[in-house]
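Asks: Please find one structure pasted underneath; my questions will follow.
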Amino acid sequence: MDNYITSFDNNTLYKNEKVWFNLVENKIVDRDVLRNDIAASWERCINSQVDPLKRNSGNIIYDLRDMLEQEKNNLLFKIAEPFMKNLYEVIKPLGFIAMLGNEDGINIDMGGNKKMMSIAEKINAVKGASFEEKYIGTNAASICSVEKRVAQVTYYEHYKANMHNWCCSSVPIFNKEGNMIAVINVSNMDTSKHTPLLISLIASTARLIEMKFKLYDANDIYNQNYWFLKESMKKNPRALLFLDNNGCINHINENAVEMLGVSTKESIGRHLSEVFDKKYIKNDKMDVGSNVKNIILEDRNRNKTYLKLSKILSSDKYHLGYVGIIEQPVKNSGNHHKAKYSFEDIKYNCSKMDKEIKKAKRAAYNDMVVFINGESGTGKELFAQAIHNYGKRCNGPFIAVNCGALPRELIQSELFGYEKGAFTGAKKEGQPGKFQLAQKGTLFLDEIGDMPMELQANLLRVLQEKTVTPLGSNEIIELDVRIITATNKDLLLEVEKGNFREDLYYRISGINIDVPPLRERGKDVEELFYKFLDKYASDVCEYKNIKVTDEFIRALCEYKWPGNVRELENMVISILNNLEDSCIGVEDLPAKILKCIKVEGNTKPENDGMYLKSLDSTEMINIEQTLKRCNNNISKSAKSLGITRATLYRKIDKYKIKI
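The sequence shown begins at 19 in the working numbering and counts up by one.
Below you can see the structure in the form of structure tokens.
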């Protein structure tokens, strides 16, 4: 039969009454009439020798104060109390009482209609009383506890006679593991009021208590993890901090506090940019797309600190924040081996350069060998120095070696060093090699494609073992050096020719950076020209406020620049040195460039003046339309046009565009 009350009438009452008297007289449980859960409960009561005619005076009443001193009961009471109070207030005017029972079958809280509370007291249904079947027979709370589901018991379904006036509905409460930890029971003396709506009300209260338990458990786990984390951070020899995914500091250990020169109080809860001013954070954008984020911090005293942030992900891949390891870069004892260029010194607008710059910045945060390939004059050493200054070795030495410029007989002693008397002509005191000089810093091996074959084997061994032995010595020196190599040659082709070791090639080509030639960098030619003009004008030229014709700029962009950026820089110096007035025009270009442009310019229209005028008109219209589209925002317009703000201002002035 159905386990829930769907309807109740006098006929049902009569049948249940008849079945109950049959139970008393013959100890028979009529399962044809009774609902399954009621019949099962009666059978348990018979087996426990519960007397159906005996009142509940023999019920166990526990000392509630002692009960609530038990941790599990105290926790249940504290969590459930506010929700039970709300339930009491709702059911009080409806003539109900409610009780909260624990998993041991003991009533630890009770409330509701005062009149019904007084009647319940007469059958020992009070705080601290047991609702187990072996004491009070069949009741909704006991069935709910046994079967761990919603239960209802009404009138003669109760096993004991003194409870035949009562109607009860109970709902279980479960913990996060699915174990039943409590029961809510609501009772009155009118079964017509035990509607599905009442069950929903009780169930809603039970679910709220369950949710509060889950929050409590989560908070408990959080506290455990917090103190474990705090103790671990305290004892960890490294400088550590934790950031949330917005970049705010959640935890910081004493080592980090000491290294950063800040207090714990002023750090916790604050964004990294508040502890370190934004202008001192060299790359402050939290890139949520990467698993590892690296930041160079620079305090107000210009001291640099290297911060490596690793993503913290939950089991479902939700981004929780970052764990940060702080390292103080090694101090450089002098400035004679210091790299002077940074990524800020590399001027570019083209996408090819942007791609390589991003690769180089990522490479700066590890100690893998970097291989830079590019034509002569493209700025390979500029890249190498920028990588060094962007990474944790930024305060260490930067040692550059041109492998193609050293005499073959001296290159080994230059790289690896030598002891006194190692060979004829050696210094009496010996000499450290470039690898030793680069300790804690970076060794830049430029033109590595020109390194003699016999030395390549020695270099390979050093890279593999990270040790070096000076000439004439038996001492093995451990190396802590970052290696960056560069060449203008196609090393794979050199490998095929037998000029370069294949194993060395694969050892140095883990991280490849390809610096594009100037001819592939579009409008970067113009930007670099103005950069060099600003850099050298005051030192080389007597004229101020130098003007540059559009024809000159157009000629620069047409030229192929076989010498790349170096050729452009030298050309600017030459033009400034020979300048006879304050305007730079096509006629000031070197003869070599003029000759190339003339050859390459044969495809232009015959009427060059009309051609240039047409180009000017087109450019002016394009600038006007872009400014209008960007609401005269110079930054947005310059970005859209692919030029700098300074260039845009020059063109606005040239075409007399009103903004």
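Using N, Cα and C, we set each Cβ at its ideal position, and we do this for glycine too.
Find out if the Cβ-Cβ distance for the pair ASP339, LEU226 is shorter than 8 angstroms.
Replies: A small fix is needed here, since residue 339 is Gly in this sequence, not Asp. No, they are not a contact pair.
Asks: Starting from LEU247, trace the beta strand (DSSP E) both ways and give me its first and last residue.
Replies: No beta strand (DSSP E) contains LEU247, which is instead part of the alpha helix (DSSP H) from 214 to 253.
Asks: Secondary structure at ASP48, three-state DSSP: helix, strand or coil?
Replies: coil
Asks: In angstroms with no decimal places, state the Cα-to-Cα distance between THR171 and GLY146.
Replies: In the sequence on display, residue 171 carries Val and not Thr. Near 21 angstroms, if we compare the C-alpha coordinates of GLY146 and VAL171.
Asks: Measuring CA to CA, which of GLN482, ASN517, GLY448, ASP498 is closest to ASP468?
Replies: ASN517
Asks: State the Cα-Cα distance for the pair MET304 and LEU278, rounded to the nearest angstrom.
Replies: Residue confidence is low: MET304 scores 49 on pLDDT, short of 50, so the model does not pin down where it sits. Its coordinate-derived value is still stated next. About 20 angstroms.
Asks: Give me the Cα-Cα distance between ASN243 and LYS166, rounded to the nearest whole angstrom.
Replies: Their Cα atoms are separated by approximately 33 angstroms.
Asks: Between GLU195, ASN157, VAL388, which has its C-alpha nearest VAL189's C-alpha?
Replies: ASN157
Asks: Compare the beta carbon distance of LEU455 and PRO425 with 8 angstroms and say whether it is the shorter of the two.
Replies: no
Asks: Is the beta carbon of GLU427 less than 8 angstroms from the beta carbon of LEU489?
Replies: no
Asks: Please classify GLN67: does DSSP put it in a helix, a strand, or coil?
Replies: Three-state DSSP puts GLN67 in coil, outside helix and strand.
Asks: Let's see if you can read the secondary structure: which residues bound the alpha helix (DSSP H) around ARG380?
Replies: 369 to 381
Asks: By alpha-carbon positions, which one of PHE114, ASN40, LYS541, LEU536 ends up nearest to PRO580?
Replies: LEU536
Asks: For GLN474, tell me which candidate among ILE526, LEU659, ILE390 has the shortest Cα-Cα distance.
Replies: ILE526
Asks: Put HIS406 into one of helix, strand or coil per three-state DSSP.
Replies: helix
Asks: Counting beta carbon pairs with one atom in the region 542 to 557 and one in the region 399 to 414, are three or more of them shorter than 8 angstroms?
Replies: no
Asks: Can you tell which of ARG73, ASN40, LEU71, ILE429 has its C-alpha closest to the C-alpha of ALA57?
Replies: ASN40
Asks: Cutting at 8 angstroms between CB atoms, please list the residues of its own chain near ILE364, excluding the five before and the five after it.
Replies: MET371, ILE375, GLY397, LEU400, PHE401, ALA404
Asks: For VAL617, which residues of its own chain have a beta-carbon under 8 angstroms away from its beta-carbon, when the five flanking residues on both sides are left out?
Replies: In this prediction, VAL617 scores a pLDDT of 40, lower than 50, which makes its location untrustworthy; the coordinate-derived value is nonetheless stated afterwards. Result list for VAL617: empty, nothing under 8 angstroms.
Asks: Using the three-state DSSP reduction, which class does CYS412 fall into: helix, strand or coil?
Replies: coil
Asks: Start and end of the alpha helix (DSSP H) containing ILE97?
Replies: 89 to 109
Asks: Quick check: what's the CA-CA separation for LYS646 versus LYS672?
Replies: 18 angstroms
Asks: Would you mind working out which of ASP127, PRO100, ALA138 sits nearest ARG73, comparing C-alpha positions?
Replies: Checked all of ASP127, PRO100, ALA138; the closest Cα to ARG73 is ALA138.
Asks: Give me the Cβ distance between VAL164 and SER187, rounded to the nearest whole Å; I'm assuming they're in contact under 8 angstroms.
Replies: About 16 angstroms separates the two Cβ atoms, so there is no contact after all.
Asks: Roughly how many angstroms separate the alpha carbons of GLN67 and GLU43, rounded to a whole number?
Replies: 14 angstroms
Asks: How many whole angstroms separate the CB atoms of ASN104 and ILE126, which I take to be in contact at a CB cut-off of 8 angstroms?
Replies: In fact, because the Cβ distance is near 17 angstroms, the residues do not count as touching under 8 angstroms.
Asks: Between ASN582 and the rest of its own chain, which residues show a CB-CB distance below 6 angstroms, the 5 nearest in sequence each way excluded?
Replies: GLU393, GLY395, THR396, PRO535, LEU536
Asks: What are the partner residues of ASP127, as DSSP defines its beta bridges?
Replies: LEU118
Asks: Look at the Cβ atom of ILE615, then the Cβ atom of TYR667, and state whether they are nearer than 8 angstroms.
Replies: no
Asks: In the DSSP assignment, the beta strand (DSSP E) including TYR340 goes from what residue to what residue?
Replies: 337 to 345
Asks: Relative to the C-alpha of GLY196, which candidate in ASP81, PHE231, ASN206 has its C-alpha closest?
Replies: In terms of CA proximity to GLY196, PHE231 leads the group ASP81, PHE231, ASN206.
Asks: Under the three-state reduction of DSSP, which class applies to CYS162: helix, strand or coil?
Replies: helix
Asks: Output the distance between the C-alpha atoms of ASP55 and SER218, rounded to the nearest integer angstrom.
Replies: 20 angstroms
Asks: Kindly indicate which residue of VAL341, ILE78, VAL387 has the alpha-carbon position closest to the one of ILE529.
Replies: VAL387
Asks: Threshold first: 4 residues or longer. Then list the alpha helix (DSSP H) segments lying entirely within the region 491 to 573, N to C.
Replies: 509 to 515, 520 to 526, 542 to 558
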